[in-house]
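Engineer:
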Amino acid sequence: MGKLLKKSAANDFFRSLQKKGSLYAPVSTDMVRFQHIKTPEALRSIDFDGHAFFPPKKYLLPNEEELFTIKQGKLQDTNQSLPPQFVVNVRLCDLNAIAILDKLYLDPDYPDPYYKAKRDATTFIGINCKREIDEYCFCGSMDLQRAYDLLLDDRGEHYYIDVRSDKGMALVKELPDAPEQQDPTLPKTSKVLDQKDLHQFFADKWWEGDNELCVSCQRCTALCPTCFCFDVKDDMDLNLQDGKRLRTIDSCHSADFTTVAGDHTFRSSRLQRYRHRVMHKLQYYKDTFERSMCTGCGRCIRYCHSKIDFVKTINEDFK
Amino acid sequence: MSTKKPRVAIHSITGCAGCQLTFYFIKDRLLDFLGAIDLVAAPMIKGKNDLDGKYDVCFVEGSVSSERDLEHLKKWREQSKILVALGTCATHANVQGIKNFREAKKVQEYVYGKEAKNMEGELKPVAPTPLDAHVKIDYKISGCPPEEVEILRFCKDYLMGLDPRIYNEPVCVECTKREIKCLLEDGKECMGPLIRGGCNALCPGVGHGCTGCHGPIPEGNIPQTITLLKANGIPLHLINQRMQKYAGLEFEKLGAAIKSEVESDE
Amino acid sequence: MSNYFEHTPVEILAKTWESPDTVTFRVNWQPKHDPGQFIEISIPGVGESPISFCSWNPTYCEFNVRVVGNVTKAISKLEPGDTMHVRGPYGKGYPMDYFKNNHLLFIGGGCGVAPLKGIIEYVQHHRKHFKDVDLYFGYRSRDDILFKHLLEHWEKEFFLHVTIDKDAGDFHYSCPVGFVTQAVQEADIPPDNKIVFLCGPPVMMEKTMPLLLDKGFHEDQIWVSAERHMKCCTGKCGHCMINGKYVCKDGPVFRYDEIKGVTE
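Residue numbers (our numbering), protein chains in the order written: chain A, 203 to 521; chain B, 124 to 389; chain C, 73 to 336.
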């Protein structure tokens, strides 16, 4: 089902969302960042062309969130349902990333209540890429799905709004229907990751070359739209009775990540940690869920200090 | 945890006293903190100090730069159950440590002029060194000055009877989470990948590259970071100076070649 | 929706120091669980620590805690009558039905003996389903021997062999000095109809495995238990993942052929 939105009326549409809840959108300054668009005037600053530095996963898995309040040495659950929020102009790679996070965090055996409260309150509205954003994008090879409620597709004077859910339809029902349904074309990229079974290259010497360039800065994991690992720690006030139990985003590139009590570290070398991240993204997740956990957004290469290009390594060196 | 308040001392050897000051600047929390401990010695802010008694915890700021420093330090070690190196002077020798990469006599002359020769007996200098070069240190809280939150976290952990947890990730981690535009990427100078964070990327947050005041993380990739800095057009002697400034000895220990640039300085 | 991070308060019935750094808690809790599964014990303000069941009893549970970090130190300060905060059980335990009508061989090192004790108690409760039981346990020193009060019972009921790495000292149970691996190597253990349970420090497991294979054991006869510091126990936090396997969900108990060759 499709709807039409005049480009000149795009801000009116966003204004209607602003009235329904909090609006978050990319804004371009020295970089593109997702920001809270608080006022009608701020709508003008919404960016339609760039690729955000930090992925929108931050609205579901914040860098730090409180799980419990600790009062007099007892835990009190702080989770609660939230008012609606809308994150707009999200790229298809990041929309697919949300679908991947959903798989893990809404796992029917152990759904995560903190994630779910945010997920239920949040609607992600996508925007289709007319062309690849830059040379680091390789989403064209990552089997992206139309995993969204709404997606804006640039059709000259109009945005064609591809509607994929009732939740999405409720937001655009007032807009005129598109004369015919025309699925948005998924983006193509010149950079392509060859799909290979990486298990057989686990001991390959090429990991070492990439590893020498890695400075363990953990930017790749912080910026990855699907990196979800976390740590749980307690932070107490000076009275030592009250405080909070926090969940913080963690990284498998951290040396302490696999340290157990008694100071034994299972992945003690940088190479092991680098390999673990790439293997998890491209192979381990696929072993269980039959698709790669990587969506080809390119951030881990684009923002890597050393521009370590595992796509190139896998394509050219893993034989 | 015993109900008796722990006896705490805050002492100082060669340094600028800024680390102690940070301690006293924990503002709204200071009174809570002073309620939880018995501050028996803090010569900077107290008139009466117990200088010879036993301490449960003794914070020492500054580096060992003279024979007198060393005597003090050894005494405090004997008095204390737990000795904490507070600040980068105490953990890495800091600015004083730059002297290790220059000719000692020349440095002395540069500072004290022609009088330097006559002052030998008074100064009794030793090569500036971190505390753990001389005595056993139980914990280190680096930083120039150290972060309030890190001092507080240490104190809370200690008061709860825990083994204090020290943050050990590079500056880049917090910098990225704050969505700051990377300075290295921008072609500027930043020591972030090598340096222990905990500062919440204070300097990069205001557009200034990390100068390394927390000292290095143990597993930084030094050769590659130098390659990156050089690629940004930072000359090697500047990189060397950066590495010497806060933690030269530690960088050397980690296997980085840090050369002196005496000639170009003077 | 229930919150998997939330804890159940349970009452501590008894506390026994097994060794200078190891303590066993008995708590008034009757969750349905398999030997080999684990729980998280929480100390508000300090954190959580994953601990495996070391008992199998319809009326209570026991947990053996080795004091190595902040959380375990705080747990060790709890006393009978106090409330312990637990969540779980988590993970896949030992599929005991699958082992029926087999001989069982237990090889444990140090605190790795704790989860094995859970299986042993299960076997004692279902004795007629299992054949001969051999226990080979190794400890660093006499002081480190766990469950000393049970050795006599185990010796009567099963074949028991305890070794200590050094310093035999004066103890009513005669312990040969040496590694448990040596004892296994020297023992005459035919592999037919036998299941092996191996649990201990990584070095001991690495050394024992080739000995067992040499003796003709098949990889699918050997069951091992893996250790990681799980934070969530539900396959999310990522801390326990090795080669794509979550120790918390897919383990902590693995049949050796499932994780053979798994490297970090």
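For each residue, glycine too, the CB sits at the ideal point set by N, CA and C.
Bear in mind that the values here come from a model prediction, so they are computed numbers and not experimental data.
So if DSSP puts Asn100/C in a beta bridge, which residue, or which two residues, is it bridged to?
Structural biologist: Glu83/C
Engineer: Can you confirm whether Arg469/A, when its beta carbon is compared against all beta carbons of chain C, has any partner nearer than 7 Å?
Structural biologist: So yes, Arg469/A belongs to the interface.
Engineer: Comparing alpha-carbon positions, which option in Trp226/C, Val140/C, Val195/C, Ile217/C lies nearest Ile236/C?
Structural biologist: Ile217/C
Engineer: Rounded to whole angstroms, what is the Cα-Cα separation between Tyr90/C and Glu492/A?
Structural biologist: Residue 90/C is actually Glu in this sequence, not Tyr. Distance between the alpha carbons of Glu90/C and Glu492/A: 47 Å.
Engineer: Straight-line CA distance for Cys416/A to Ser508/A?
Structural biologist: 7 Å
Engineer: Quick one, which of Arg501/A, Ala227/A, Ala372/A, Asn441/A has its alpha-carbon nearest Pro242/A's?
Structural biologist: Ala227/A
Engineer: Using DSSP with H/G/I as helix, E/B as strand and the rest coil, what is Ser210/A?
Structural biologist: helix
Engineer: Nearest chain C C-beta to Leu285/B closer than 7 Å, yes or no?
Structural biologist: yes
Engineer: Select from Phe148/B, Ile160/B, Ala132/B, Gly158/B the residue whose C-alpha is nearest the C-alpha of Lys171/B.
Structural biologist: Ala132/B
Engineer: How would you call Phe404/A, buried or exposed, if buried means at least 16 neighbouring beta carbons within 10 angstroms?
Structural biologist: exposed
Engineer: I'd like to know whether the C-beta of Met371/A is nearer than 7 Å to at least one C-beta of chain B.
Structural biologist: It does not; no Cβ of chain B falls within 7 Å.
Engineer: Using the three-state DSSP reduction, which class does Asn136/C fall into: helix, strand or coil?
Structural biologist: strand
Engineer: Given that a residue counts as buried once 16 or more other Cβ atoms are within 10 Å of its Cβ, and exposed if not, what is Gly138/B?
Structural biologist: The residue in question, Gly138/B, is buried, as its Cβ has 16 or more Cβ neighbours within 10 Å.
Engineer: Give the residues from the stretch 203 to 223 of chain C that approach chain A closer than 7 Å (Cβ to any Cβ), ordered along the chain.
Structural biologist: none
Engineer: Who are the near neighbours of Ala255/C in its chain, counting only those whose CB is closer than 6 Å to its CB and skipping five residues on each side?
Structural biologist: Tyr208, His233, Thr235
Engineer: Enumerate in chain order the residues of its own chain whose CB-to-CB distance from Cys499/A is below 6 Å, with the five nearest sequence positions on each side excluded.
Structural biologist: Short of 6 Å from the beta carbon of Cys499/A, and not among the five residues preceding or following it, lie these beta carbons of its own chain, in chain order: Cys295, Pro427.
Engineer: For a contact defined as C-beta to C-beta under 7 Å, what are the partners of Gly117/C on chain B?
Structural biologist: Met283
Engineer: Just how far apart, CA to CA, sit Lys240/B and Val140/C?
Structural biologist: 55 Å
Engineer: For Glu492/A, which three-state DSSP category applies?
Structural biologist: DSSP, reduced to helix, strand and coil, places Glu492/A outside both helices and strands of the structure shown, so it counts as coil.
Engineer: Considering only residues of the same chain and omitting the five flanking positions on each side of Arg200/B, which have a CB-CB separation below 6 Å?
Structural biologist: Leu206, Val258
Engineer: Looking at the C-beta of Cys126/C, does it have a partner C-beta in chain E at a distance below 7 Å?
Structural biologist: Of the chains in the structure shown, none is chain E; the protein chains are A, B and C.
Engineer: Using a Cβ-Cβ cutoff of less than 7 Å, which residues in the same chain neighbour Lys209/A once the five nearest sequence positions on both sides are dropped?
Structural biologist: Beyond the five residues adjoining it in sequence on each side, Lys209/A comes within less than 7 Å, by CB distance, of Glu359, His360, Tyr361 in the same chain, given in chain order.
Engineer: Determine the extent of the beta strand (DSSP E) in which Ser224/A is found, giving its start and end residues.
Structural biologist: 224 to 230
Engineer: With C-beta atoms as the reference, is Gly165/C less than 7 Å away from Gly108/C?
Structural biologist: Result yes, Cβ atoms of Gly165/C and Gly108/C sit closer than 7 Å.
Engineer: For the stretch 396 to 430 of chain A, list every residue whose C-beta sits within 8 Å of some C-beta in chain B, in sequence order.
Structural biologist: Glu414, Leu415, Cys416, Val417, Ser418, Cys419, Gln420, Arg421, Ala424, Leu425
Engineer: Can you list, in chain order, the residues of the stretch 287 to 312 of chain C whose Cβ is nearer than 9 Å to any Cβ on chain A?
Structural biologist: Answer in chain order: Glu299, Arg300, His301, Lys303, Cys304, Cys305, Thr306, Gly307, Lys308, Cys309, Gly310, His311, Cys312.
Engineer: Find out if the Cβ-Cβ distance for the pair Leu275/B, Ala213/B is shorter than 7 Å.
Structural biologist: no
Engineer: Just how far apart, CA to CA, sit Val275/C and Cys331/A?
Structural biologist: 53 Å
Engineer: Okay, do the stretch 232 to 242 of chain A and the stretch 416 to 425 of chain A touch, 3+ Cβ pairs below 8 Å being the bar?
Structural biologist: no
Engineer: Please report the straight-line C-alpha distance between Ala212/A and Pro310/A, rounded to a whole angstrom.
Structural biologist: 37 Å
Engineer: Starting from Cys454/A, find everything on chain C with Cβ-Cβ shorter than 7 Å and list it in chain order.
Structural biologist: Gly310
Engineer: Whole angstroms is fine: what's the gap from Leu196/B's alpha carbon to Ser265/B's?
Structural biologist: Roughly 18 Å separates the two Cα atoms.
Engineer: What are the uninterrupted segments assigned as beta strand (DSSP E) that are 3 or more residues long and contained completely in the stretch 147 to 225 of chain C, given in chain order?
Structural biologist: 155 to 162, 175 to 181, 205 to 211
Engineer: If you measure between the beta carbons of Gly288/C and Pro263/C, is that distance less than 7 Å?
Structural biologist: It is a contact, given that the beta carbons lie within the stated cut-off.
Engineer: Is there a C-beta anywhere in chain C that falls below 7 Å from the one on Phe216/A?
Structural biologist: Answer no: the Cβ-Cβ gap between Phe216/A and chain C never drops below 7 Å.
Engineer: Pro248/B lies in the beta strand (DSSP E); which residues open and close that run?
Structural biologist: 248 to 252
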